[in-house]
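Enquirer:
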Ligand SMILES: [Zn+2]
Ligand SMILES: [Zn+2]
Ligand SMILES: [Zn+2]
């Protein structure tokens, strides 16, 4: 059973993975280069090679775990967290820990062997977003969970593994992640002072200056953040205020698909298919602490962050939390605006 352990000094939770546990000697000579591509178990016709599906889009009626699907969700073969069991929060002297309970699902975004989501049709990408919404809503029913992080690892350097088949992941956690809490606290603090959403203000200001705007289409904007951590870091924000990704309607889902496809195609074409991660930040499940979330509907604004992995986080960043971004975000935005797709 994996364990969630809390750092007693800064309160950060970590997952001590057991399903993926390695022997100490397996870390010797860790591979830096991508290994040869393995046979793909995500392609149509290989359904028996994954754990049984949790969810699938099947345009014509067909049996689960057989061909005929357009999109499929399966549990991870090597989950970071386990779905069965109780949390059993406990202390061990000054330490806090709990069982590593959670859900870890893989969204196989297409039945064809396509590597980059940018190469799927807008209609197919919209199905991926609709699937995220269905899965988050389903996981919310499980009282043990407080947050679901949706993310994508594209390319070996970004943690994408050795199988080049477009997919993303969902991890439901029994605690709110520290990064999310920092954003929530910052947004709330801004709201208390200004009575406005910091993200809405940011969108307004970016649209006026335009120097960091990459695209402004279909109700969404793609910008490089003012305080970018990484070269070509990109945020995608809905112009219409909402703290909840799961509440977006069909028109917004197609707007989002169109901007994601355009932005990721620009990255692929302009930077020769770089490795990247994207993450979806949305409001946590609001279950406890009556009154605690009273302003979240107004102060928080869901968004997607895209982080191309073109530089390495090194000593200074680890020691300080400062990031050194070797490219001004204004230059990155200009470059990406000019890439034709
Ligand atoms: Zn495949
Ligand atoms: Zn807002
Ligand atoms: Zn964020």
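Residue numbers (this note's numbering): 6 to 346.
Virtual Cβ for every residue (Gly too), placed ideally from N, Cα, C.
1) Three-state secondary structure (DSSP) at residue 178?
2) Can you check the segment 80 to 168 for any beta strand (DSSP E) of at least 3 residues that lies completely inside it and give the ranges in chain order?
3) Should residue 134 be counted as a contact of ligand 2 given a C-beta to heavy atom distance under 7 Å?
4) When burial is assigned at 16 or more other CB atoms within 10 Å of the CB, is residue 93 buried or exposed?
5) By Cβ distance, which residues of its chain are closer than 8 Å to residue 224, with the 5 residues on each side in sequence left out?
6) Note down the Cα distance separating residue 212 from residue 227, rounded to an integer number of angstroms.
7) Quick check: does the Cβ of residue 202 come within less than 7 Å of any heavy atom belonging to ligand 2?
8) Can you give me the Cβ contacts of residue 17 inside the same chain, cut-off strictly under 8 Å, excluding the 5 residues immediately before and after it?
9) Hey, out of 81, 55, 84 and 64, whose CA is closest to residue 70's CA?
10) Between which two residues does the beta strand (DSSP E) carrying residue 313 extend?
11) Quick check on DSSP: helix, strand or coil for residue 171?
12) Just to confirm, are residue 314 and residue 168 a CB contact at a threshold of 8 Å?
13) Under 6 Å Cβ to Cβ from residue 310, same chain only, skipping five residues before and after it: list those, please.
14) Quick check: what's the CA-CA separation for residue 158 versus residue 281?
15) Starting from residue 236, follow the alpha helix (DSSP H) in both directions and report where the run begins and ends.
16) Measuring alpha carbon to alpha carbon, tell me which of 264, 321 and 335 ends up nearest residue 231.
17) Tell me whether residue 308 counts as near ligand 2, meaning its Cβ is closer than 7 Å to at least one heavy atom of that ligand.
18) Residue 19 lies in the beta strand (DSSP E); which residues open and close that run?
19) Please report the straight-line C-alpha distance between residue 199 and residue 207, rounded to a whole angstrom.
20) For residue 3, which residues in the same chain have their Cβ closer than 7 Å to its Cβ, ignoring the five residues on either side in sequence?
21) Between which two residues does the beta strand (DSSP E) harbouring residue 225 extend?
22) Between 234, 114, 116 and 91, which lies nearest to residue 328 when the distance is taken from Cα to Cα?
23) Is the distance from the Cβ of residue 130 to the Cβ of residue 265 below 8 Å?
Expert: The structure says:
1) strand
2) 95 to 97, 100 to 104, 108 to 113 and 152 to 159
3) no
4) exposed
5) 243, 244, 245, 256, 257 and 260
6) 10 Å
7) yes
8) 11 and 183
9) 55
10) 308 to 313
11) coil
12) no
13) 240 and 284
14) 6 Å
15) Counting along the chain, residue 236 falls outside any alpha helix (DSSP H), and DSSP gives it neither H nor E.
16) 335
17) no
18) 18 to 21
19) 13 Å
20) Residue 3 is absent from the model: the chain starts at 6 and stops at 346.
21) 225 to 228
22) 234
23) yes
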